[in-house]
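According to this note's numbering, the stretch in the sequence shown is residues 20 to 401, in order. Where is the CB? At the ideal position from N, CA and C, for every residue including glycine.
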Amino acid sequence: MEFGFTPDDEDFRAEARGWLAAHAEGATDRGTWERTLGAAGWIGLGWGEGGYGNRRATLTQQVVWAEEYARSGAPPRSGHIGENLLAPTLLAHGTDEQKARFLPPVAAGEELWCQGYSEPGAGSDLAGVRTAAVREPDGRTYRVTGQKIWTSLAREADWCFVLARTEPGSVRHHGLTFLLVPMDQPGRIEVRPIRQMTGTSDFNEVFFDGAHAEHVVGGEGDGWRVAMSLLGFERGVSTLAQQIGFAEELGAVVRAAVESGAVHDAVVRERLVRQWAELRTMRWNALRTLGGSGDAGAPSVAKLLWAGWHQRLGELAVLVRGAAAGVGPSDWSASAPYELDAAQHLFLFSRADTIYGGSDQIQRTIIAERVLGLPREPKGAV
């Protein structure tokens, strides 16, 4: 496969690299950083219609921006859920009024979003959601009651898109609706951070107790179609950017193997070479599906590839360091009992890679049923 960049793309790269060099260093507050990106027009490069405050960029230029951002060491994005998940979903299924209301604040970095999908009893099996939304007598407002879990960025988010059951007695993917819920509802929405074994709290529980929602995307009862469409956007350009970060992590593991002498072990060398080769394979697969291949199994294949790869890299990161991998960067204290170095954090956090975003088991089921045409897995009633 031939994939190259034009002179215009390289001019775009120079502009992106120069801007990031001038602005990224010292940027620590993620909310302020989102607004800085928005003011410069760097959010929403792939939105191809409407002029909602974003600059236009070709598909290859979007790849350029994603690669330069990953290489620059700029702060992690807190607006990526709104930009890369909500926005394309609204462009595909939203009304003109919804696009005009929600896309400009995302493009400006002024409103942050979180994703209300998984529940304690419906994690990877998303069709089992129990969170309910009841229409108010006014006919346009819903009262949302239930619990979501593993909700990234819920503490910072202004809005949450929620998959809820609006048809009493419905089961599985029937009777679901895709709602946009404002998070600032004291007494109706409670967010509880989940402390992880890394010592951080990237995920949260969210409790809805009669929370109000007015905006429905795609129509009442059509939530499953909208939700599946959204999940399909988690590939392509963002996957290529992710792989830049993966390459940097792999480089650090190789350097650690050289420093510790582990590289002289033939088994370790074979594993390092395999990681490199598999990363190249993932890049070509991402390029193959860039822009949408029409392959129903493409998102599932991509998730299976990178999740297992990253988890194995985490294992290698501690293996090559030997006993030193069990010692933290500083002495234990009550105020900082979980201080970890980069390799230890990679090892612990990557344990979740094969679970979040749809577990490996679910991805294999999707491929089996939707691509290979195998008999559907029996599902119990909810």
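Is the CB-CB distance between residue i and residue j below 8 Å?
i, j, result
"residue 233", "residue 160", "yes"
"residue 403", "residue 134", "It is not possible to answer for residue 403, since the shown part of the chain is limited to 20 through 401."
"residue 328", "residue 294", "yes"
"residue 91", "residue 43", "yes"
"residue 2", "residue 56", "There is no way to answer for residue 2, as the model of the chain reaches only from 20 to 401."
"residue 183", "residue 152", "yes"
"residue 227", "residue 272", "no"
"residue 126", "residue 62", "yes"
"residue 165", "residue 154", "no"
"residue 337", "residue 362", "yes"
"residue 454", "residue 260", "Outside the displayed range of the chain (20 to 401) lies residue 454, so it cannot be described from this structure."
"residue 116", "residue 124", "no"
"residue 264", "residue 89", "yes"
"residue 373", "residue 326", "yes"
"residue 32", "residue 87", "yes"
"residue 389", "residue 316", "yes"
Quick check on residue i: does DSSP put it in helix, strand or coil?
i, result
"residue 384", "helix"
"residue 148", "coil"
"residue 320", "helix"
"residue 188", "coil"
"residue 88", "helix"
"residue 122", "helix"
"residue 180", "strand"
"residue 258", "helix"
"residue 401", "At residue 401 the pLDDT is 41, less than 50, meaning the model places this residue with poor confidence and gives no usable figure here."
"residue 297", "helix"
"residue 96", "coil"
"residue 154", "strand"
"residue 130", "coil"
"residue 163", "strand"
"residue 358", "coil"
"residue 135", "strand"
"residue 40", "helix"
"residue 141", "strand"
If we count the other Cβ atoms within 10 Å of its Cβ and call it buried at 16 or more, is residue i buried or exposed?
i, result
"residue 351", "exposed"
"residue 330", "buried"
"residue 189", "exposed"
"residue 108", "buried"
"residue 216", "exposed"
"residue 101", "buried"
"residue 258", "buried"
"residue 400", "Reliability fails at residue 400, whose pLDDT of 47 lies under 50, so the model's placement of it is uncertain and the value that follows must be treated cautiously. By the 10 Å Cβ count, residue 400 comes out exposed."
"residue 339", "buried"
"residue 289", "exposed"
"residue 349", "exposed"
"residue 303", "exposed"
"residue 104", "buried"
"residue 305", "buried"
"residue 97", "buried"
"residue 369", "buried"
"residue 277", "exposed"
Note down, in chain order, each residue of its chain lying with its Cβ closer than 7 Å to the Cβ of residue i, except the 5 sequence neighbours on either side.
i, result
"residue 220", "212, 213 and 214"
"residue 334", "366"
"residue 384", "396"
"residue 268", "332 and 365"
"residue 319", "382, 385 and 386"
"residue 174", "210, 212 and 223"
"residue 176", "131, 132, 133 and 202"
"residue 168", "137, 138, 139 and 224"
Ordered along the chain, which non-local residues of its own chain (more than five positions away) have a Cβ less than 6 Å from that of residue i?
i, result
"residue 74", "60"
"residue 236", "112, 113, 197 and 245"
So, at 8 Å on beta carbons, what are the nonlocal neighbours of residue i in its own chain, with the 5 sequence-adjacent residues on each side left out?
i, result
"residue 28", "77, 79, 80 and 83"
"residue 246", "136, 145, 182, 195 and 197"
"residue 266", "298"
"residue 341", "279 and 281"
"residue 65", "76, 78, 81, 107 and 256"
Please confirm whether any heavy atom of the ligand MG lies closer than 7 Å to the CB of residue i.
i, result
"residue 144", "Ligands displayed in this structure: none; no statement on the ligand MG is therefore possible."
Could you give the uninterrupted runs of the beta strand (DSSP E) lying entirely in the region 192-244, keeping only those of 3 residues or more? List check, beta strand (DSSP E) in window: 195-201, 208-213, 222-232 and 234-236.
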